[in-house]
Amino acid sequence: MFGLRRENGLAVDAAAQDAHLVLRRAAPTLVAEDIHLVYRDGNVPTKALEGVNLRVANGEFLCILGPSGCGKTSLLRVLSGLVRPTQGRVYLDNELLTRPSRRVGLVFQAANLMPWRTVLRNVTLPLEVAGIPLAEAERRARALLDLVGLAGFEQAHPAQLSGGMQQRVAIARALVQDPVVLLMDEPFGALDALTRERLSLEFLRIWSTRRQTVVMVTHDIQEAIFLADRVLVLSPRPGRVVLEMAVPLPRPRTLDVLYTSEFAALAREARGAIAQA
1061 MFGLRRENGL AVDAAAQDAH LVLRRAAPTL VAEDIHLVYR DGNVPTKALE
1111 GVNLRVANGE FLCILGPSGC GKTSLLRVLS GLVRPTQGRV YLDNELLTRP
1161 SRRVGLVFQA ANLMPWRTVL RNVTLPLEVA GIPLAEAERR ARALLDLVGL
1211 AGFEQAHPAQ LSGGMQQRVA IARALVQDPV VLLMDEPFGA LDALTRERLS
1261 LEFLRIWSTR RQTVVMVTHD IQEAIFLADR VLVLSPRPGR VVLEMAVPLP
1311 RPRTLDVLYT SEFAALAREA RGAIAQA
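Per the working numbering, the sequence shown starts with residue 1061, numbered consecutively.
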């Protein structure tokens, strides 16, 4: 059904595979080297991450997949600069990242909107904090609200929105400073299945217009493969990378790809890695 060739016994889309090779050869935007993270509860150490390495190319969509409690969120916080690793380093565009940066956007599972602010004012908030004039902040916010399909809801308050709409506001807020990298922590995990599916499609549309570098964590195998250019599978705690898997499926993607033999083969590979970790 696609322009397929065989690689390692798997039929892959030739154009998608070539695009993946271009990404892999590009200079990395985000690099994590030998990340170890140990939490301490009193005198009791808990290893969250052990020897994690990753390189994310400019414009790449990377999903980090693993079971609950494997350290996915901890890794995302290290990549954001919110948490310093016990060992290892993170680089953003070849600069050592040691603290939170406006060049890194964050979207969490909960939208975390300010209930007393309108939709527009929730999106302008990061720009207001950065000292951007309000007129310019509103211009940028309105453009992003239009992009995420919320034009006309600028004066609504979060309580008036569905869960999916609130998460769209959170995505717009994360993008309003035009970050180099967007980090997403199970952003659709709290939504019902139908809303989650619809918002995944919407986010791919948004991503395709901006091509921001995205790192997203999830425990949903289907979601990871559907969205990503590449998937990293983490072991149970302490989190270690046990599989790096390219996703050579054509873009733009539709839900039809979920029912292909190529998708099923990738899902089996990811599921097997998780089971054996």
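Glycine residues also receive a C-beta, built at the ideal position from the N, C-alpha and C atoms.
- For the region 1267 to 1293, the full-length beta strand (DSSP E) segments reaching 3 residues or more read 1273 to 1278 along the chain.
- DSSP places Leu1180 in the uninterrupted alpha helix (DSSP H) bounded by 1179 to 1189.
- Note: Ala1087 is not bridge-paired with any residue in the DSSP secondary-structure output.
- When C-alpha distances from Leu1173 are compared across Val1112, Gln1227, Thr1314, Ser1260, the shortest belongs to Gln1227.
- About 12 Å separates the beta carbon of Leu1205 from that of Ala1197, a gap too long to meet the 8 Å contact definition.
- Shown here for Gly1332: not one same chain residue has a beta carbon closer than 6 Å to its own, the five before and five after excluded.
- Around the C-beta of Ala1306, 16 or more other C-beta atoms lie within 10 Å, and the residue is accordingly described as buried.
- Shown here, Arg1233 sits in a helix according to DSSP, grouped into three states.
- The C-beta distance from His1096 to Pro1145 rounds to 6 Å, short enough to meet the 8 Å contact threshold.
- Pairing Glu1214 with Leu1152, the inter-Cα distance amounts to about 33 Å.
- Rounded to the nearest angstrom, the Cβ distance from Val1150 to Ala1201 is 29 Å, too far for a contact under 8 Å.
- Taking the CA atoms as reference points, Arg1271 sits about 13 Å from Thr1089.
- Note that the C-beta distance between Arg1300 and Val1112 is below 8 Å.
- A distance below 8 Å separates the beta carbons of Leu1309 and Phe1323.
- A residue is called buried once 16 or more other Cβ atoms fall within 10 Å of its Cβ, and Leu1326 is buried on that count.
- Taking every protein chain shown into account, the CB of Glu1188 has fewer than 16 other CB atoms within 10 angstroms, so this residue is exposed.
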